[in-house]
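Enquirer: Numbering (this note's numbering), first residue to last: 228 to 488. Glycine included, every Cβ here is placed at the ideal spot set by N, Cα and C.
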Amino acid sequence: MCAPEYFAVEYAINPWMDVTTGVDVVLAVKQWDRLRDTLVGLGHEVHVLTPQAGLPDMVFAANGAFVVDGTVYGAQFKHEQRAAEAAAHRAFYQEHGWHFIAPSETNEGEGDFAYLPEAHGGLVLAGHGFRTELLAHAEAQEALGRPVVSLRLVDPRFYHLDVALASIDDGNVAYFPGAFSAASQRVLTQLFPDAVLADDEDALAFGLNLVSDGANVVLNSEATRLAGKLKAAGYTPVPVELAELKKGGGSVKCCIAELRP
Ligand code: ARG
């Protein structure tokens, strides 16, 4: 995770960002602190990156890389404004002894990649259409040695996979069908017949931008119906308030890069 000390909306690279909206950094940091405390309280270990002035989106740590079984596939940001973030993530992984593979294709890390270790023997889901290039899906498959299933995102409000779909345990997902092309919806139905489906309102409240440890699902507090569906499916929803970061177009998952040793 990376604290939103320098968080701001200084440019607009997704439909959620409005440069005329002011950001309350003190509130953003407070809400982010609470998210981190929530994860620690659930027994998870949280490493933090040092935020850098001039990189207002660095709080969205999920975009910095994608890790599967100790191998890190690095990010290469689509937009110039975020390009420098990749080096900070790379340095973290290299300093901590992870096997780092540098990308040559545009991809935004866990923003567009998800890993399901127990789905069909270990499956990577990958989004394309707005940020990550299809060629990066192939590159990730070669880097990580896992089959990568490409899913086409069609609604600009869901510009990253992780705002439209999330793994809720090692083998299942929750998603909003309307964010995907008709063909990709069919692929998802085939792969995950028992998926939890979110409605558009909960999806637009960033409900799917969640993190789950297989039991506890930490999600945006506004996605109340999704929380109910997850509860009915046997999970424990843990709502957190992250309204300030929503101004940048992100929520819970965007703030967290998962480390998979
Ligand atoms: N403002 C950031 C961008 O548009 C938000 C990134 C959200 N991160 C995510 N993993 N969805 O790049």
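Quick check on the burial criterion: 16 or more other C-beta atoms within 10 angstroms. Buried or exposed for Arg358?
Expert: Under a 10 Å Cβ-count criterion, Arg358 is classified as buried, with 16 or more other Cβ atoms of the shown protein chains found around its own Cβ.
Enquirer: Tell me the residue span of the beta strand (DSSP E) that contains His271.
Expert: Run containing His271: none; DSSP gives neither H nor E here.
Enquirer: How is the beta strand (DSSP E) around Ser411 delimited, first residue to last?
Expert: First-last for Ser411: Ala409 to Leu418, but that is the alpha helix (DSSP H), not the beta strand (DSSP E).
Enquirer: Between Ala442 and Phe304, what straight-line distance do the alpha-carbon atoms span, to the nearest angstrom?
Expert: Between the alpha carbons of Ala442 and Phe304 lies a distance of about 32 Å.
Enquirer: Kindly examine the ligand ARG and report whether one of its heavy atoms sits closer than 7 Å to the Cβ of Asp397.
Expert: no
Enquirer: His316 and Ala292 look like a contact to me (Cβ under 8 Å); what is the Cβ gap, rounded to whole Å?
Expert: 5 Å
Enquirer: Looking at C-beta atoms only, is the number of pairs between the segment 445-453 and the segment 240-254 that lie closer than 8 Å three or more?
Expert: Touching, no, given that fewer than three Cβ pairs across the two stretches are closer than 8 Å.
Enquirer: Relative to the alpha-carbon of Asp396, which residue among Val286, Pro278, Leu350 and Thr265 has its alpha-carbon at the smallest distance?
Expert: Leu350 is the residue among Val286, Pro278, Leu350 and Thr265 whose C-alpha sits nearest the C-alpha of Asp396.
Enquirer: Under a three-way DSSP split, which group does Tyr402 fall into?
Expert: strand
Enquirer: Could you check the C-alpha separation between Phe385 and His326 for me, to the nearest Å?
Expert: 30 Å
Enquirer: So, for Pro242: in the same chain, excluding its five sequence neighbours on each side, which residues have a beta-carbon less than 7 Å away from its beta-carbon?
Expert: Pro383 and Arg384
Enquirer: By the 10 Å Cβ neighbour count, where 16 or more other Cβ atoms means buried, how is Ser331 classified, buried or exposed?
Expert: exposed
Enquirer: Is any heavy atom in the ligand ARG found nearer than 7 Å to the beta carbon of Met244?
Expert: Yes, the ligand ARG has a heavy atom inside 7 Å of this Cβ.
Enquirer: Does DSSP put Tyr198 in a helix, in a strand, or in coil?
Expert: Residue 198 is absent from the structure shown; the chain starts at 228 and stops at 488.
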